[in-house]
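So the mapping is simple: my numbering equals the position in the sequence shown, first residue as 1, plus 680. What follows is a set of notes on a single structure, which appears directly below.
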Amino acid sequence: MNMPAPTPETMTAADRREAWFGDERPGLVEYLRGYDLELSEHAAAVFRAVEQLFGRDAVAPHLLKVVPNAPHDAEKWEDVLLAPSAPRDGGWKAVELLDGAGLYGLFGVTPEDIPFAARRVWVATLPSQLADLKHHLHLKADGEIIRVVNLALSRHALDVEFSYDDNGEETLGVVDIGSLAIFGGVTEGRIRNILSSGDGGLEKVGQYVTAVSAAAWLKGRKEFFASIWPQPDEAVPEAPSPDFSDDVVFVPVAADGSHFHPGLARGGKFMIGAKGEEVSYPSFSEALSALQKMATPRWRRPNEAGNWGIVSGRDWKRIERRQLMSM
């Protein structure tokens, strides 16, 4: 019997931790946890700077001893420090910090060894620890580490509705665009399109989105893992309310369960109609209006292989406008 795949609203804290630390990790987790090499490069840069200051012959043997869990027969710190997965295999404290930040950022839970009574303190102090990491390592803007750091800081802004400025003072809560894309299961390009159209309810502040508007938008995303760390681990996550709070739009649904949505624009246009009778529309609202007037609505969309083909509507589905415009 095939069991349905777990979804954010049904995954317990234990399920989410297993998804992060388990042997069978989803692709997104592998993508986010790929910071071993960058950590090794940072450590190697520090070691080389120390050698420049005091001389390799004087400090190299001592630097080798600094590397956690270095083999007894190792002769050079480079051989240990730059080995694949050296930070993770060596149990570096930075890995512990980043794993906790990634688990919290992506899945909204704290590490298992954090007692329930200590979770709020752990969450409250995480931003300052990550700020120190950013300051001392001078993280690359497009690196793996900053991706996890930003995700955790964005999650924190969603949870408490404020962020911290460079001086550690509370300021307007914001979520960076890359993190919002990960939270919502879409591309950064899609987020930028939503921002430019103004239809998704997202409010932009510089290169960020306000945490309040991001939280409202994410309520309509089935891919988002709402924070459950304030609840005891044994608590069962609550399914989202089926009630609608925003304007409702009816969209056609194909036989495979897919429906017409704003993400189906190709080259900025929507192709509507039967083969040989297709008409292109420049906006989603015009295309949807045309579909609603057709006896059998037909539109072009990509299949799982990425090939664009025409599908026919078999039913109609109502969906909140805010959720619809975020697709």
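The beta-carbon is built from N, C-alpha and C at its ideal position, and this holds for glycine as well.
(1) Looking at the strands, I want to know which residues DSSP matches up with G993.
(2) Which parts of the region 850-933 are runs of the alpha helix (DSSP H), unbroken and 4 residues or longer, counting only runs that do not cross its ends?
(3) Taking A821 as the reference, which of L882, V730, G858, M951 has the closest Cα?
(4) Hey, how far is the Cα of R978 from the Cα of A945?
(5) Would Y711 be called buried (16 or more neighbouring beta carbons within 10 Å of its own) or exposed?
(6) Kindly indicate the opening and closing residues of the beta strand (DSSP E) around V959.
(7) Below 8 Å, how does it come out for the region 876-885 and the region 966-975: are there three or more Cβ pairs, yes or no?
(8) Does the Cβ-Cβ distance between L810 and L833 come in under 8 Å?
(9) Is it right to say H752 is buried, meaning 16 or more other beta carbons lie within 10 angstroms of its own, or is it exposed?
(10) Below 8 Å, can you find three or more Cβ-Cβ pairs linking the region 846-853 to the region 862-874?
(11) For S992, count neighbouring C-beta atoms within 10 Å of its own C-beta (all shown protein chains included) and say buried if the count is 16 or more, exposed if not.
(12) Once the 5 residues before and after W757 are set aside, which same chain residues still bring their CB inside 7 Å of it?
(13) With a cut-off of 8 Å on the beta carbons, I'd call S720 and P767 a contact; round off their distance for me.
Here's the rundown:
(1) A934
(2) Whole alpha helix (DSSP H) segments, 4+ residues: 857-864, 868-877, 891-898.
(3) G858
(4) Rounded to whole angstroms, the gap between the alpha carbons of R978 and A945 is 14 Å.
(5) exposed
(6) Here the beta strand (DSSP E) through V959 covers 959-961.
(7) no
(8) The answer is yes: Cβ separation under 8 Å.
(9) exposed
(10) no
(11) Label assigned to S992: exposed.
(12) F727, A740, L743, L744, V747
(13) 6 Å
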